[in-house]
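Q: For the sequence shown, the residue numbers in my numbering are 112 to 803.
By construction, the Cβ of each residue, glycine as well, lies at the ideal position given by its N, Cα and C atoms.
The model shown is predicted, which means the values in this text are computed figures rather than measured ones.
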Amino acid sequence: MIERRKGAHARKASVPAVPRRLPGTGRGAARRLGRRLRPVYPRQGRSGWRRWVPSWRQTLGLIFSCVGVITGLLAILYARTEIPADLNAFATQQDNVYYWADGTEMARTGEVNRQDLPLDKVPEKVRWAALAAENETFYSDSGVSPSGMVRAVSKMITGGSTQGGSTITQQYVKNAYLNQEQTFSRKLSEMFIAIKLDRKMDKDEILERYLNTSWYGRGTYGIQRAAHAYYNKDVSELNASEGAFLASLLKGAALYDPAVSAKNHERAVERWEWVLDRMVAIGKLSKEERARYTRFPEPVAPPRPAGLSGQTGYLVETARAYVSAHTDISDQDFARGGYQIHTTFDRKGVAALAKAVGTVRPTLGPDPRRPDRTVRIGAASVTTDGRITALYGGEDYLKQGFNDANSSVVPAGSAFTPFVYAAALRDGVQRERGKPRTPVTPATLYDGDNKISLLTPEGPYWDRSGKIVKAVNDNDRSWGRISLKNAVAQSVNTSMMQLGMDVGLDRVGKVGVDTGLLESSLGEKLPSFSLGTATPSAIRMADAYATFAARGRHTDPYSVTGLTRNGEDVPVEKPKPRQALPAPVAKAVDEALREAVRHGSAAAAKAAGAGAAGKTGTAQDNKSAWFVGYRGGLSTAVSLARIDPRSQELLPLDKLGAASSGSAGSSGSSRSSRSPGSFPLGVWTEYMTARP
């Protein structure tokens, strides 16, 4: 027995010993552990929607992993971000240079107006106005606003504005070190630099630099120059109310300068009140002092830049507006300068147009030495390919900043009738409701008698007083049955008004817009619409008539051919030509306008030379006069009105130039026998005669 037990023991001893596994170890356990960490769907042991929801361990693990990765990336980016050694070069800003079409220099503008000022020179309440408006926690924050950054990034992702998401430190970083692009990478750089700057620099020093580098509009950087630009005083003389307005400009000077528009003024007042109320809320302005500020501190009018006298300012203003509307350049960036703007303006043409107006203007009042200051003349020349070659915006830009060449307050009068004619030729007429439209031709006859009753497809047109509306001709003349071509050439009001009713006033307006007029200038479409109640600018009228000269091909007017900065081209959008009218329709209108010069109401324009075409225009209430015409590829519009300087309302032209006899350029005849429309025609003829 003993022998057998020894043998058994020996056999056991000869088998290699297998180490005992601890619970939860080994390959099987590892696989089981992996399965527990790896989300398996649907999850066993769960029912319904819970089968598809990860466990709390898996969720926490994922969150911690993401937080760890993001934290690591941010730490790396923070460590690699350095505060730039150099500020943006405010001190080396350049002028913007405008050039004539021939490449010679026309004007220089856009000098940056900036002056550094120690913070202790800025009144405390003026400082707190800026802080209340932009960053009331400035002295306690770390240089960035996490909630503001989240808002800014979310707005940037959704396409909104990121403004309002930055602390003052971040805004200073953007102004002084970075650019104005709204990109995620730029925002991250801004945040990291702001944090480092806040640790390195004293808060007062940051605020001082911010106030000295911020854009306040009117070509000014810094609060010192802003105080002079808006209040003609040193910043140390500003009170809390004026400081609150300047703080409003920090949100966007282009939106809050009251001199720009009535809407801007409304926004500025609202923002000014809000800033003062915020100062009270944060304890930096007493309620008693706030109660004293009930009237908005109106800024002074912006000064006119030197070097823009005569017509130059109007040209620069027009080109600047085109750059603003057709490039991605912000007003702030453009004001920093360094741009070269190549315009379409012809130096000789501008001089000739101003000379022509100067020849006629003295004949508009009883005494050439005391001209009628209510008279406003606007004129513009546009080529058939859309180039604006000349403007007359007023006597002098430095005396009258309002550009009469781009004004939309003067009714076009009967100069509008070619659009009625074009609409009829293109779309036909409908005299009975429900019946098909009928084509018309230049030879189609219409009733040209005086005081004819206007008809709609349903019958007579009744006004609000219950009377049938009647059309009236100039001088109460009756023309009998007259062809549409001659009705345009002879300016027969009754035929044109009835034609407009037959075509449909909406269709007439569409032809106007198709050929270049702005929809906003058309106004209400009543029967008188066909006789020019619309108020297009001289630029737009010249451009629309150029469509007739170009056989129906239209190009929107433009004033800038190219833009460069530091030798590099800057993209600027230019209009593309399109066929606005069928060529036969435009040709028929062109023939009617040539007939108006040969034997019609614009016969005086024959003095401008062969090939002239055009149309006079007088409003029915005699408050405006026009001549629009072309020769070759150049179309020119001249408008005339009297505007009350106080009410800005139009005044009658009845007594215009009636005090004594005299001539207006080539049109001749005594002043007492001349209609108001002869004066724009005189300007046009003088101008076209002077051109080569």
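Between the stretch 513-533 and the stretch 748-768, do at least 3 Cβ pairs fall closer than 8 Å?
A: Cβ pair count under 8 Å is three or more, so yes.
Q: Taking the continuous alpha helix (DSSP H) assigned at Phe738, which residues delimit it?
A: Residue 738 sits at position 627 when you count from the first residue of the sequence shown. Taken as a continuous stretch (DSSP letters only), Phe738 belongs to no alpha helix (DSSP H), being part of the beta strand (DSSP E) at 736-742.
Q: What residues in its chain sit with their C-beta under 8 Å from that of Pro547, if we drop five residues either side in the sequence?
A: For the purposes of this step, residue 547 is identified with residue 436 of the sequence shown, where counting begins at 1. Gln541.
Q: Do you know whose CA, among Asp765, Arg403, Tyr210, Asp701, lies nearest Leu426's CA?
A: The count along the sequence shown starts at 1 and reaches residue 426 at position 315. Comparing Cα positions, the closest option is Tyr210.
Q: Output needed for Asn93: all residues of its chain with C-beta closer than 7 Å, excluding positions within five of it in sequence on either side, in chain order.
A: No answer is possible for residue 93: the residues shown for the chain start at 112 and end at 803.
Q: Between the C-alpha atoms of Asp667 and Val603, what's the straight-line distance to the nearest angstrom?
A: Residue numbering aside, residue 667 sits at position 556 when the sequence shown is read from its first letter. Residue numbering aside, residue 603 sits at position 492 when the sequence shown is read from its first letter. Asp667 and Val603: Cα-Cα distance of roughly 30 Å.
Q: Give the secondary structure of Trp590 by DSSP, where H, G and I count as helix, E and B as strand, and everything else as coil.
A: Here residue 590 refers to the residue found at position 479 when the sequence shown is read from its first residue. In this structure, Trp590 counts as coil in the three-state DSSP scheme.
Q: Would you give the residue range spanned by the alpha helix (DSSP H) that Tyr433 belongs to?
A: Along the sequence shown, read from residue 1 onward, the residue named residue 433 stands at position 322. Tyr433 -> alpha helix (DSSP H) spans 423-437.
Q: For the alpha helix (DSSP H) that contains Gln443, what are its first and last residues?
A: Taking the sequence shown and counting its residues from 1, one reaches residue 443 at position 332. First-last of the alpha helix (DSSP H) with Gln443: 442-446.
Q: Could you tell me the boundaries of the alpha helix (DSSP H) in which Ala598 lies?
A: Sequence index remark: in the sequence shown, residue 598 carries index 487 (1-based). Start and end: 595-600.
Q: Measure the beta-carbon distance from Gln281 to Glu245 and round it to whole angstroms, keeping in mind my assumption that it falls under 8 Å.
A: Here residue 281 refers to the residue found at position 170 of the sequence shown. Here residue 245 refers to the residue found at position 134 of the sequence shown. The Cβ separation is near 10 Å, so there is no contact.
Q: So, helix, strand or coil for Glu348, using DSSP?
A: Here residue 348 refers to the residue found at position 237 when the sequence shown is read from its first residue. Correct three-state label for Glu348: helix.
Q: Let me make sure I understand the geometry here. Which of Tyr656, Leu595, Leu637, Asn597 has the alpha-carbon closest to that of Val624?
A: Stepping through the sequence shown from its first residue, residue 624 is reached at position 513. The residue with the shortest Cα to Cα distance from Val624 is Tyr656.
Q: Count the C-beta pairs between the stretch 669-677 and the stretch 432-441 that are closer than 8 Å, then say yes if the count reaches three, no if not.
A: The stretch 669-677 vs the stretch 432-441: in contact.
Q: Can you tell me whether DSSP reads Glu807 as helix, strand or coil?
A: Residue 807 lies beyond the residue range present for the chain, which begins at 112 and ends at 803; the question has no answer from this structure.
Q: Assuming the contact rule is C-beta atoms closer than 8 Å, Val700 and Ala533 should be a hit. Round their C-beta distance to whole Å, please.
A: Residue numbering aside, residue 700 sits at position 589 when the sequence shown is read from its first letter. Residue numbering aside, residue 533 sits at position 422 when the sequence shown is read from its first letter. Sure, about 5 Å apart at Cβ, within 8 Å.
Q: Between Asn286 and Thr324, how many whole angstroms is the CB-CB distance? I'm expecting something under 8 Å.
A: Position 175 of the sequence shown, counted from the start, is the residue given in the question as residue 286. Position 213 of the sequence shown, counted from the start, is the residue given in the question as residue 324. Right, their Cβ atoms sit about 5 Å apart.
Q: Can you pull the DSSP bridge partners for Leu692?
A: To locate residue 692, count along the sequence shown from 1; it is residue 581. Leu692 pairs with nothing; no bridge assigned.
Q: Please state the DSSP three-state secondary structure of Val671.
A: Taking the sequence shown and counting its residues from 1, the one referred to as residue 671 is at position 560. Three-state result, Val671: strand.
Q: Below 8 Å CB to CB, which residues in the same chain sit around Leu419 once its five sequence neighbours on both sides are set aside?
A: Along the sequence shown, one-based indexing puts residue 419 at 308. Only Ala218, Thr220, Val427, Tyr508, Leu509 meet the Cβ criterion.
Q: Under the three-state reduction of DSSP, which class applies to Lys726: helix, strand or coil?
A: As a position in the sequence shown, residue 726 is number 615, starting the count at 1. In this structure, Lys726 counts as strand in the three-state DSSP scheme.
Q: To the nearest angstrom, how far is it from the Cα of Pro577 to the Cα of Leu565?
A: One-based indexing of the sequence shown puts residue 577 at position 466. One-based indexing of the sequence shown puts residue 565 at position 454. Checking the sequence shown, residue 577 turns out to be Gly, not Pro. The alpha-carbon atoms of Gly577 and Leu565 are separated by roughly 14 Å.
Q: Pick helix, strand or coil for Ile334, following the three-state DSSP scheme.
A: Position 223 of the sequence shown, counted from the first residue, corresponds to residue 334. Looking at Ile334 - three-state DSSP - the assignment turns out to be helix.
Q: Just how far apart, CA to CA, sit Val739 and Gly725?
A: Taking the first residue of the sequence shown as position 1, residue 739 is located at position 628. Taking the first residue of the sequence shown as position 1, residue 725 is located at position 614. Those two C-alpha atoms are separated by around 5 Å.
Q: Considering Cα atoms alone, identify which of Trp383, Pro408, Val371 is closest to Asn343.
A: For this step, residue 343 is matched to residue 232 along the sequence shown. Nearest C-alpha to Asn343: Pro408.
Q: At what residues does the alpha helix (DSSP H) containing Arg389 begin and finish?
A: If you number the sequence shown from 1, residue 389 lands on position 278. Segment 373-392, the alpha helix (DSSP H) holding Arg389.
Q: Tell me whether Leu704 is buried or exposed, calling it buried when 16 or more other Cβ atoms sit within 10 Å of its Cβ.
A: The residue given as residue 704 occupies position 593 in the sequence shown. Buried.
Q: Which residues in the same chain as Met607 place their Cβ atom closer than 8 Å to its Cβ, once the five residues preceding and following it in sequence are excluded?
A: By 1-based counting over the sequence shown, the position of residue 607 is 496. Contacts found: Ser525, Thr528, Val531, Tyr532, Ala598, Val599, Ser641, Leu642.
Q: Nearest-angstrom Cα distance between Pro682 and Ile440?
A: Indexing the sequence shown from 1 puts residue 682 at position 571. Indexing the sequence shown from 1 puts residue 440 at position 329. Their Cα atoms are separated by approximately 10 Å.
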